[in-house]
Structure formats: C-alpha cells, structure tokens
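Note that the working numbering gives residue 578 to position 351 of the sequence shown, counting from 1, and the numbers run on in steps of one.
Taking it in order: structure first as structure tokens, then the write-up.
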Amino acid sequence: MCFRPITFRLLVGTALLPLLVACGSGTSAGSSDASGPGAGTGGDEGSAGVGGSGSGGADGLGTVEDSGARCAKPTLPAASSLPAYETHHDPFLMLDGSRITKRSEWACRRAEIKAQVEEYESGPKPAVARENVTGAFSGKTLTIDVKEGAKSVSFSIDINAPAGAPSGPIPLLVSLAGFGFITLDTSVFSSNGVATAVFNNNEMGAQSGGGSRGTGKFYDLYGKDHPASSMIAWAWGVSRIIDALEKTPAANIDPRRIAVTGCSRDGKGALTAGAFDERIALTIPQESGAGGSASWRVSQAASNAGENVQTLSHAAGEQPWFRADFGANFGSRVNNLPFDHHMVMGLVAPRALLVLDNKIDWLGIDSTFTAGAIAHAIWEGLGVPDRMGYWQLGGHQHCQFPAAQRAMLEAYVKKFLVGGGTDDTGVLESDGATADLDRWMEWTPPNLE
C-alpha cells in the first residue's frame, strides 16, 4: 500500500492537517495530468466503477441520469421509528450493516443514500422515458417539451455561446437563477469556451412561501399533491434540459460536459441537481446554507448554543424546498435523520464538486465547513480527492463572487468541464471556522479497491 500527498488547506480549529490518500493499483485516481473532464479510474460498460458510475464512462462521468436504478430498492423504516445518531453517518456503510470495500460497490451504496434522501427529506424525483422529451433549437433558444400520459409541459432556456467558441459541441453552465442572473464570474466560462444559460427554476417549482407548494410546471405535469419538493422539481427540470440537449445537436452543446450552479436558495437547488443526475460533470453550489452545504446536526447544536444559524425546523417551514412532512418528522428530532448533508454532497461523487461558501452566521460558518470536510472523505475513499473542494471566504456581500476565488473556479472548469486542466484543485479551506471532527466524525474513509 502506498500513499500520495494531496495539498489541501484544511483548518480544524487552529491546526493544519495533512491529508494522505491511498494510491490506487493501476488507476490514475483523478491525477492532475488527466486528459479530459473528470479523467480517472475507468469502469467497464454497465459496471458500477468510479469511471462510469455504473454507466460505462471512462472519464469519471455517468452517461445515464441514475445508474442506481438497477440496484435493489431498500425497504426504509417510518420516520418515527428511526433511532437517534448524534454524529455523521458513515457513507460507506450499507443498510445491511456491511461496509463496501470496492469502488464498484459505490453505485448501489449511493442508490441507498439517494433513496433515504428522497424518502425523508426531498421527495422522489420521477424518472422520464427518453422518448417523452424533445428539444428544438432556434436562434439561441432551446425549447424543451416533456409529456407524461395525456399531459405535457414546455419551457425554454437561452444558450449564450462565447465569442469565438469552436464549431464542435462545447460545454455549458446552467445556472439556477430565481434572481435572474449568474452570480459566479462568467468570464471564467466565456474565456474557456463554455456557454452559459439561466434556468428559471421558479417556473418549474415555486418558492414564494409555504402556500406555493405544488405550484409550477413540474406540478402541472405530476399534480399539485406530488410529494416532490420544489428543489426536486428544479433538479428534474435541469435533467430534462440535458435530455433535450442529447437530442438536439443543433444547440452545439456537449451534454457530457454540463455544469450547474446557483447561489443561496438556488445554491441548494444546484447541489440537488448535481446530486440527482450523474450526467452533470461539475456542480458548484454557492452559499447554499441550510439544505445545501450545511450540516443539520452541527447547525442545531450551534443554535442550541446561541448561534444565529438556520436550523432544520426553520428551513423546513420557510419554503417548499423539502417534502411537506420533513419539518414535522425531524424538526425536533434532527439526530434521527439517517443521513446528513455530507452524504447529500457525496451523491455527486465521484464527479466534481466545488462548494463555495461565505462567512455568514445564518448560513452556518462552522456547520458548512464541518460538512464539507466530512464530505471530502467520500472522494478520498473513492480515490479521487482532487475532484471535491470546499472554500469558505468572508468579507463580501451574500452571493457576491470574490475575486480571490477566481483562480480556483477556473482550475475546476478547466480540469473537470473543459478538459485538460492541470492546475491544483485541492482546496479545503475556511475563514476561521472550526470543524471539530473528533466530535462529529467517528469513521475514516476506506481504501476502496
């Protein structure tokens, strides 16, 4: 067994901790000389390997929305019967009590986590038959049509290709933008030949108070009483955009090089979209807080200690971001939730995830850094630690992108979206936050074969 150092700036209290990652046998493990987006350990066609996430890709990307659909469906207990668990669950521990030992087993473990998130927090994301989605491209507008039985909905996005973009298919950044604009530095994308599009996620699932639950085009198709949260509705919409792009070469977009982002409430949605669709190459949630990069457990403990941080009970009542019974089931029983958001972030693995956070108490200063540090161990276990980064930086307004983070953003775009990037993507850094891993993490990442 050998170990290779990865340069991470992990601040836990006041001590800098070096991270050592096991070298894979005969694999590239996402090394910095990767030749394509997410290049790394390959998987055979139809396998559940890291390379293909169970869908046959050799570059770390899935070619299907949900490779776990082939896995056995777990039988999950009622929320009321779930035991309390004060720390953060081991994401590598199967529901039958066994711990996975191979990368090929991650796809079905991931499917169990996804099933738990859907059952207890988000509501289910409906699968859509390929033939039920069509796309049409005119000017710069992509129109997406989706049907389900006798019902159908239609929506569109404008794709803005950068000047001088190549004639062949190019990458695309989809920004959830209920605020109407992209909050990242768009020059990072345009200068690297990446198109951008703003997706009106509010049109798909409203977020204008608790009374807006069940409103939007997703619910026009599936019914206002569908248990999916608005964030699942948004993720469903992003997936249908990818479906349409796969069928619409005239749009000049490579559907295997899609990134998704959003800030604040839209950052929560961006994480959900990336977590629930394995075709998304790069996920960049920005300042997502409760329901995004924050830990429910750490936030509740901080609130109990007097910190002004959003808790599960408050977030569940603010908007229809979660399933309707989430607050009732777990608002006063946070420790009974059988996962936390280190595992929601982990649903993105082994694909690329860059979490950008701000030093704002309501978002959870220690909570987000703790969840990010624990989530990173999932990528460590899969042998691709450079595909996940976390950076909390204060001193700027909410959803204002700091120039200091531009180089790291560009490194992720070049390496995992455009392909061929070699800059260091190892960042796990806070702005004075504390990740008390002795308290919150009782497991260590495995060295998966």
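C-beta atoms are modelled at their ideal positions from N, C-alpha and C, and glycine is treated no differently.
I need the DSSP call for residue i, collapsed to helix, strand or coil.
i, result
"residue 551", "coil"
"residue 262", "Residue confidence is low: residue 262 scores 35 on pLDDT, short of 50, so the model does not pin down where it sits. Its coordinate-derived value is still stated next. Residue 262 falls in the coil class under three-state DSSP."
"residue 612", "helix"
"residue 617", "strand"
"residue 485", "strand"
"residue 367", "coil"
"residue 651", "coil"
"residue 636", "helix"
"residue 579", "strand"
"residue 415", "helix"
"residue 220", "Outside the displayed range of the chain (228 to 676) lies residue 220, so it cannot be described from this structure."
"residue 656", "strand"
"residue 219", "Since the displayed the chain opens at 228 and closes at 676, residue 219 lies outside it and no answer follows."
"residue 673", "coil"
"residue 534", "coil"
"residue 271", "At residue 271, the pLDDT of 32 sits below 50, so the modelled position is not reliable; the number obtained from the coordinates is stated separately. Of the three classes helix, strand and coil, the one that applies to residue 271 here is coil, per DSSP."
"residue 327", "coil"
"residue 584", "strand"
"residue 437", "helix"
"residue 661", "coil"
"residue 191", "In the structure as shown, the chain begins at 228 and stops at 676. Residue 191 is therefore absent and cannot be evaluated."
"residue 410", "coil"
"residue 362", "strand"
"residue 313", "coil"
Please list the terminal residues of the continuous alpha helix (DSSP H) segment that includes residue i.
i, result
"residue 470", "457 to 474"
"residue 698", "Outside the displayed range of the chain (228 to 676) lies residue 698, so it cannot be described from this structure."
"residue 560", "From DSSP, residue 560 is part of no alpha helix (DSSP H); its letter is neither H nor E."
"residue 387", "Not the alpha helix (DSSP H): residue 387 falls in the beta strand (DSSP E), residues 378 to 387."
"residue 335", "333 to 344"
"residue 352", "Where residue 352 is concerned, there is no enclosing alpha helix (DSSP H), given that its DSSP letter is neither H nor E."
"residue 294", "Per DSSP, residue 294 belongs to no alpha helix (DSSP H) and is neither H nor E."
"residue 448", "444 to 449"
"residue 545", "539 to 545"
"residue 319", "Residue 319 -> no alpha helix (DSSP H), and no H or E assigned at all."
"residue 684", "The structure shown does not extend to residue 684, since the chain is modelled only from 228 to 676, so the question has no answer here."
"residue 573", "568 to 573"
"residue 499", "492 to 503"
Our contact map puts residue i next to residue j with C-beta atoms below 8 Å; I'd like the distance itself, whole angstroms only.
i, j, result
"residue 500", "residue 465", "4 Å"
"residue 434", "residue 457", "5 Å"
"residue 505", "residue 293", "7 Å"
"residue 654", "residue 618", "5 Å"
"residue 510", "residue 580", "5 Å"
"residue 673", "residue 336", "Going by Cβ atoms, the distance from residue 673 to residue 336 rounds to 11 Å, so no, they are not a contact pair."
"residue 516", "residue 549", "Wrong, their Cβ atoms sit about 13 Å apart, outside the cutoff."
"residue 392", "residue 422", "7 Å"
Could you give the distance in angstroms between the alpha-carbon of residue i and the alpha-carbon of residue j?
i, j, result
"residue 467", "residue 356", "10 Å"
"residue 594", "residue 366", "45 Å"
"residue 520", "residue 493", "12 Å"
"residue 353", "residue 343", "15 Å"
"residue 693", "residue 590", "Absent from the structure is residue 693, since the part of the chain shown begins at 228 and ends at 676."
"residue 402", "residue 658", "26 Å"
"residue 513", "residue 660", "17 Å"
"residue 523", "residue 625", "21 Å"
"residue 332", "residue 675", "9 Å"
"residue 562", "residue 390", "51 Å"
"residue 373", "residue 300", "26 Å"
"residue 622", "residue 588", "13 Å"
"residue 360", "residue 455", "20 Å"
"residue 363", "residue 475", "7 Å"
"residue 324", "residue 317", "11 Å"
"residue 567", "residue 315", "7 Å"
"residue 647", "residue 547", "40 Å"
"residue 298", "residue 334", "8 Å"
"residue 312", "residue 565", "8 Å"
"residue 453", "residue 558", "22 Å"
"residue 349", "residue 341", "10 Å"
"residue 668", "residue 596", "13 Å"
"residue 408", "residue 495", "16 Å"
"residue 641", "residue 651", "11 Å"
Need the endpoints of the beta strand (DSSP E) that residue i sits in, please.
i, result
"residue 508", "507 to 513"
"residue 682", "Lying outside 228 to 676, the shown extent of the chain, residue 682 is not represented and no answer is given."
"residue 403", "397 to 403"
Could you tell me whether the stretch 567 to 577 touches the stretch 477 to 497, where touching means 3 or more Cβ pairs closer than 8 Å? Touching, no, given that fewer than three Cβ pairs across the two stretches are closer than 8 Å.
Taking 8 Å as the threshold, find out whether the stretch 371 to 378 comes into contact with the stretch 415 to 435 through three or more Cβ pairs. Put simply, the stretch 371 to 378 does not touch the stretch 415 to 435. Fewer than three CB pairs are less than 8 Å apart.
Check whether the stretch 620 to 639 touches the stretch 408 to 425, taking contact to mean three or more Cβ pairs, one atom from each stretch, closer than 8 Å. Counting Cβ pairs under 8 Å, three or more are found: they touch.
For the pair the stretch 529 to 544 and the stretch 599 to 617, tell me if three or more CB-CB distances fall below 8 Å. No, the stretch 529 to 544 does not touch the stretch 599 to 617.
Three CB pairs or more closer than 8 Å across the stretch 663 to 673 and the stretch 436 to 447: Judged by Cβ distances under 8 Å, the stretch 663 to 673 makes no contact with the stretch 436 to 447, as fewer than three pairs qualify.
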